[in-house]
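Here's the structure we're looking at; comments come further down.
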Amino acid sequence: MFVGDAAIGVPLDGGFVMCDVRSYEAMAMFELSEEEREMLGARFADLENSFAALEPIDTDGVKPLVTVLDLHSVLREDIAGKPFTREEILANAPEQSDGYFQVPGTLE
Amino acid sequence: MEYFVTKYDLSPSPSHANSEFRIPNSEFLSYAVLEDSIMHKGRPVTAGSKALENFVSPLSAEVVVRLEAAGVEILGKTKMEEFGAAGLFADTSQVKYFVGGTDESSGSSFPNSGFMSGAVSAVANGVAAFALCNDYTGAISECAAAHGVCYIHPTYGSVSRYGLIPAVQSMDQIGIVCKTPQEGFRALSIIAGYDPNDGAMFPADLRQIHNSQFATHDSDEGKPSNSRLRIGVPVNVFSSIPNSEFLIPNFDHETVEFELKYFEVYAQVMQILCCGELSNNISRYDGIKFGHRADGYEGLHELYTKSRTGAFGADVKLAALVGSMVLSQGYYERYYDKAMRIRRLIKESLDFEKYDAIIVPAGAEFGNAALSRLCGLPAVTVPSSGGGITFIADVNHEDVLKEVVTGKFFN
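Here the protein sequences come in this chain order: S and A. My numbering applies: residue 1 is where the first sequence begins, and numbers increase by one. My numbering applies: residue 1001 is where the second sequence begins, and numbers increase by one.
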């Protein structure tokens, strides 16, 4: 299943169902075993149920707090740098070939 | 017990004797350990995850550069929970999290407190004077107090995170596990300060002024403090958590009672925001440029899914699933956006005009020190009556915390 095939988080009446985990599993690019899916699904459901505690809190007109820093972004001059060599960047690659990252073919 | 993921093979160095960083009354003068989420050039770094197996740090974190410049010897990298995620689910998981345990060689034994950290173990057992780690959930600070040591969580944006493996950027902050607050604040004076490589820091001038306030110098040792401070005591918190009032240590500071709003939902707000950010952060582990790549895949998509499935443990997978949900189109407003709005309400509910610092329990019942993480506030957690207590001050007021727990009004 590709990410685009997943049902994108539509709230379901009646709460958690197992197919939810499969949807998010695809979005997160995992292939869980049935045992793992069941275990994580139960913990997932517990968490989602606990999130209901947020609903009664009135947040109308409240601006979301994205960062706690009261600093505004200041654009600085773009300065080109070369902190790493090609060899250093490729040093941690699982597979490399001729100075490039090596990946499986993407076209059939 | 083995505290280390990577223990450095160090030869004795004469530089210790000349180090400016001396720990009083200690046989080790200048030894520190790093949680395995902090990069040290040429050394492995894993963040406790198979996703980063065999990854060698291409650079040293800014905190490491500063420690080395101060003459502090780094002994190695300590074990940690995978990306620190286990601390998020302390109340929902049936699994006990251990990295530590019993040190058979020394005979010391840790209580079965659930979450465990190699950094805490190393400091508690005297292996190192202090440890640096990223305690974005507050679980390490709770663990530290349970094992008789302290944790200092600096103001968000005061210590560079350059070279820290990111987990939850809006809360990631390198802090200090230490035997005593005095030692911890001294270590903080070394690692704090502006770094242009971290895009979310206080400007240099502001931190420079502040650093001069909390830095401890040798000449200050044993000098009594004369400041009596106002400690805000959230009565609704202590009345709702059984026996938590016994955690309040003896001190002669003035107390100011007040109501702390929204603390009942701190844990949920933390879980939603942290899972969202963590799921985003771990999207980079795809088996292409670095880290774990699975065997036996067919095609690029299977390389991604098999590599990621094999790379992460249960807690990180759970965080990724929950994060995918709260960031998805159908649930974003209901959960993630709502949590960010409540985060603002929590921050704006505090009034540091009425008190200089707040005292709260350090345990999971209080959302594992969520208040300081959600609001980016400095905090110091100290052992107290078998548990832990946390003092939280306003932004950039580590000097207040130091005064609270090391001054003459703290018994």
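Note that beta-carbon positions come from the ideal geometry of N, C-alpha and C, so glycine has one too.
Per-residue burial, residue i [other beta carbons within 10 Å of its own, 16 or more giving buried]
{"i": "L1377/A", "result": "buried"}
{"i": "L1067/A", "result": "buried"}
{"i": "Q1173/A", "result": "buried"}
{"i": "V1005/A", "result": "buried"}
{"i": "V1063/A", "result": "buried"}
{"i": "L71/S", "result": "exposed"}
{"i": "P94/S", "result": "buried"}
{"i": "K1077/A", "result": "buried"}
{"i": "K1079/A", "result": "buried"}
{"i": "R1293/A", "result": "buried"}
{"i": "D1351/A", "result": "exposed"}
{"i": "I79/S", "result": "exposed"}
{"i": "S1268/A", "result": "One detail in the question is off: residue 1268/A reads as Gln in this sequence, not Ser. Label assigned to Q1268/A: buried."}
{"i": "S1109/A", "result": "Reliability fails at S1109/A, whose pLDDT of 36 lies under 50, so the model's placement of it is uncertain and no value is given."}
{"i": "E1403/A", "result": "buried"}
In DSSP terms, what residue i is bridged to
{"i": "R1230/A", "result": "E1254/A"}
{"i": "E1073/A", "result": "Y1031/A"}
{"i": "A1192/A", "result": "V1159/A"}
{"i": "V1405/A", "result": "Paired residue(s): none; V1405/A is not in a bridge."}
{"i": "V1045/A", "result": "Note: V1045/A sits in no beta bridge, so no partner."}
{"i": "F1357/A", "result": "One point to set straight first is that residue 1357/A is Ala, not Phe, in the sequence displayed. Beta-bridge pairing links A1357/A to I1231/A and A1393/A."}
{"i": "S1324/A", "result": "DSSP lists no partner for S1324/A."}
{"i": "V1064/A", "result": "Paired residue(s): none; V1064/A is not in a bridge."}
Beta carbon proximity, residue i to chain A, threshold 7 Å
{"i": "Y100/S", "result": "no"}
{"i": "E87/S", "result": "no"}
{"i": "L69/S", "result": "yes"}
{"i": "E31/S", "result": "yes"}
{"i": "S50/S", "result": "yes"}
{"i": "I79/S", "result": "no"}
{"i": "G4/S", "result": "Unreliable positioning characterises G4/S in this predicted model, as indicated by a pLDDT of 36, which lies under 50. The coordinate reading is nonetheless provided below. No, G4/S does not count as interfacial toward chain A."}
{"i": "R22/S", "result": "no"}
{"i": "A42/S", "result": "no"}
{"i": "P56/S", "result": "no"}
{"i": "A28/S", "result": "yes"}
{"i": "A45/S", "result": "no"}
{"i": "L65/S", "result": "yes"}
Residue-level contact to chain S via CB, residue i, 7 Å cutoff
{"i": "M1270/A", "result": "no"}
{"i": "P1234/A", "result": "no"}
{"i": "C1150/A", "result": "no"}
{"i": "P1058/A", "result": "yes"}
{"i": "I1074/A", "result": "no"}
{"i": "Y1266/A", "result": "no"}
{"i": "M1340/A", "result": "yes"}
{"i": "R1344/A", "result": "yes"}
{"i": "F1021/A", "result": "The predicted model places F1021/A with a pLDDT of 45, which falls under 50 and marks its position as unreliable; any figure quoted below should be read in that light. Taking Cβ atoms only, chain S never reaches closer than 7 Å to F1021/A, which makes this a no."}
{"i": "L1067/A", "result": "no"}
{"i": "Y1335/A", "result": "yes"}
{"i": "R1373/A", "result": "no"}
{"i": "V1237/A", "result": "no"}
{"i": "A1085/A", "result": "no"}
{"i": "R1293/A", "result": "yes"}
{"i": "M1325/A", "result": "yes"}
{"i": "S1170/A", "result": "yes"}
{"i": "Y1136/A", "result": "no"}
{"i": "G1299/A", "result": "yes"}
{"i": "Y1263/A", "result": "The sequence shown places Phe at residue 1263/A, rather than the Tyr named in the question. So, not an interface residue."}
{"i": "L1401/A", "result": "no"}
Close Cβ partners of residue i (< 6 Å) along its chain, the five nearest in sequence each way excluded
{"i": "G1276/A", "result": "G1323, V1326, L1327 and Y1336"}
{"i": "E1257/A", "result": "V1233 and V1235"}
{"i": "D1356/A", "result": "L1229, R1230 and V1400"}
{"i": "I1358/A", "result": "G1232 and I1392"}
{"i": "T1390/A", "result": "V1360, A1362, A1369, A1379 and T1381"}
{"i": "G1310/A", "result": "A1294"}
{"i": "I1346/A", "result": "Y1262 and L1374"}
Chain-order list of residues whose beta-carbon lies under 8 Å from that of residue i (same chain, five-residue window excluded)
{"i": "A1128/A", "result": "F1028, Y1031, A1032, V1033, L1075 and A1122"}
{"i": "F1055/A", "result": "P1044, V1045, T1046, F1290 and G1291"}
{"i": "G1388/A", "result": "S1141, E1142, A1144, A1145, A1146, L1247, P1361, A1362, G1363, T1381 and V1382"}
{"i": "S1385/A", "result": "F1246, L1247 and P1249"}
{"i": "A1320/A", "result": "C1275, L1278, S1279, I1282 and F1312"}
{"i": "P1166/A", "result": "D1172 and N1281"}
{"i": "Q102/S", "result": "A93, E95 and Q96"}
{"i": "E1254/A", "result": "R1228, L1229, R1230 and I1231"}
Proximal residues to residue i (C-beta, below 7 Å), its chain only, five neighbours per side dropped
{"i": "G1313/A", "result": "E1082"}
{"i": "V21/S", "result": "R37, L40, G41 and F44"}
{"i": "I1272/A", "result": "V1326, Y1335, Y1336 and A1339"}
{"i": "L1059/A", "result": "M1039, K1041 and G1163"}
Touch test, the segment 1231-1251 of chain A against the segment 1299-1314 of chain A, Cβ-Cβ under 8 Å, three pairs minimum: no
Three or more C-beta pairs below 8 Å linking the segment 1176-1189 of chain A and the segment 1139-1151 of chain A: The segment 1176-1189 of chain A makes contact with the segment 1139-1151 of chain A; the number of CB pairs closer than 8 Å reaches 3 or more.
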